[in-house]
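Novice: Got a structure for you, written out below as structure tokens; questions coming shortly.
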Amino acid sequence: MSQSCHDYRRLAARWRAVARAAGIRLETIAVADEFPIFCMKSPALPPTGGIYLSAGIHGDEPGATEGLVAWAEERQNELAELPVVIFPCLNPWGLTMNRRSDSNGHDLNRLFHHDQHPTIAAVRKIVQLRRFCASLMLHEDYDAEGVYLYEHCTTEPAGPHLLDAAESVIPRDPRSRIDGRRAKNGLLNPRFSPKVFEKIGHPEAIWLHLHGSARSITFETPSEFALEQRAAAHLAVINRLVQLCQ
Ligand SMILES: [Zn+2]
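Under this note's numbering, think of the first position of the sequence shown as 312, with each following residue one higher.
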């Protein structure tokens, strides 16, 4: 699994199989670095509410793309009844090359404030003014010592429940500071600072938070753990979130 997790054609084939089984179209929403970018929107996604799921915006985080497709495979027979929009992999070039950035060296997770990148423009167009119950961005971190997450929310947080689900697979990151921010039991609730993001550009999670996602969550697994475990942690977190938003 360790090499094939960077094989985008294989990943795309798995998503096509899920789409067929679920009876949902796998839409190509953009082409970036000659790779198709996919989106799967369930017919059960309501105009307001529902769940946004995405993975692979950083190509060197394959536990996230593997976890998302494994979840979709597990739930394929009921996917058409679940209120989800799914972006299986936002940076296929990065996944293929095992790189964080795209081929131009851009971190796509800093470009959500404008439409200059074809992938981000396509995602923004699909989301528009849709106000999700929750948005979940799946990531991995080389420095992590366990699972952790960031959450921006305007309602009751989902984060503690998601970490409960994740720690059945991988323990929580015990550090009190993660990525320069205060963390408690794997939970980070950083204050939103417009000035910081004006300078560095908007991550996906911040853009979704600013566009009315009631909860915007970035979940991270530790890259040093086994791929199967990391994927299983992502899968557990998605399952719990779907449960919470129904
Ligand atoms: Zn990442």
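The beta-carbon is built from N, C-alpha and C at its ideal position, and this holds for glycine as well.
What you are looking at is a predicted structure, and each value in this text was computed from that prediction instead of being measured.
1) Of all residues in the structure, which have a C-beta closer than 6 angstroms to any heavy atom of ligand 1, taken in chain order?
2) With distance defined between alpha-carbon atoms, name the residue in V480, G367, T359, G334 nearest to Y319.
3) Quick one: which unbroken beta strand (DSSP E) runs of 3-plus residues sit fully inside the region 388 to 472? Chain order, please.
4) Give the straight-line distance between the Cα atoms of L337 and A455, rounded to the nearest whole angstrom.
5) Quick one: residues in its chain with C-beta nearer than 7 angstroms to the C-beta of D418, no 5 flanking neighbours on either side, listed in chain order?
6) Hey, is the region 541 to 550 in contact with the region 371 to 385, meaning 3+ C-beta pairs nearer than 8 angstroms?
7) In or out: P558 buried (at least 16 other Cβ within 10 Å) or exposed?
8) Run the CB neighbour count on I481, radius 10 Å, all protein chains shown included, and call it buried at 16 or more, exposed below.
9) Helix or strand or just coil, what does DSSP make of L499?
10) Shortest alpha-carbon distance to A445 belongs to which of T339, A355, R526, I340?
11) Assuming the contact rule is C-beta atoms closer than 8 angstroms, Y459 and E531 should be a hit. Round their C-beta distance to whole Å, please.
12) Which one of E515, S504, A537, L322 has the shortest CA to CA distance from P403?
13) Would you mind listing the alpha helix (DSSP H) stretches within the region 335 to 398 that are 4+ residues and don't spill past its ends, in chain order?
14) Taking 8 angstroms as the threshold (C-beta atoms), are R483 and G497 in contact?
15) Using CA coordinates, which residue listed in S365, L552, E467, L422 is at the minimum distance from A476?
16) Let me make sure I understand the geometry here. Which of H424, H513, R492 has the alpha-carbon closest to that of P501?
17) Do the CB positions of I528 and L474 come within less than 8 angstroms of each other?
18) For R492, name the three-state secondary structure that DSSP assigns.
19) If you follow the alpha helix (DSSP H) that F508 is part of, which residue opens it and which one closes it?
20) Could you check where the beta strand (DSSP E) with R486 kicks off and where it finishes?
21) Using the C-alpha atoms, what's the distance from V329 back to A383?
22) So the candidates are A391, N550, H369; which of them puts its Cα closest to the Cα of H317?
23) Measuring straight from C-alpha to C-alpha, what distance separates K436 and P471?
Specialist: In terms of the structure at hand:
1) H369, E372, H450
2) Here the closest residue by C-alpha is G367.
3) 395 to 398, 445 to 452, 459 to 464
4) So the two alpha carbons sit approximately 33 angstroms from each other.
5) Counting only Cβ-Cβ distances below 7 angstroms, and skipping sequence neighbours, we find R411, S412.
6) yes
7) In the structure as shown, the chain starts at 312 and stops at 557, and residue 558 therefore has no counterpart that could be examined.
8) buried
9) strand
10) For the residues T339, A355, R526, I340, the minimum Cα distance to A445 belongs to R526.
11) 5 angstroms
12) Here the closest residue by C-alpha is L322.
13) 373 to 385
14) yes
15) Residue L552 is the option with its Cα nearest to A476.
16) For P501, the nearest C-alpha among the options comes from R492.
17) no
18) strand
19) 505 to 511
20) In the DSSP annotation of this structure, R486 is not part of any beta strand (DSSP E), being labelled neither H nor E.
21) 7 angstroms
22) H369
23) 31 angstroms
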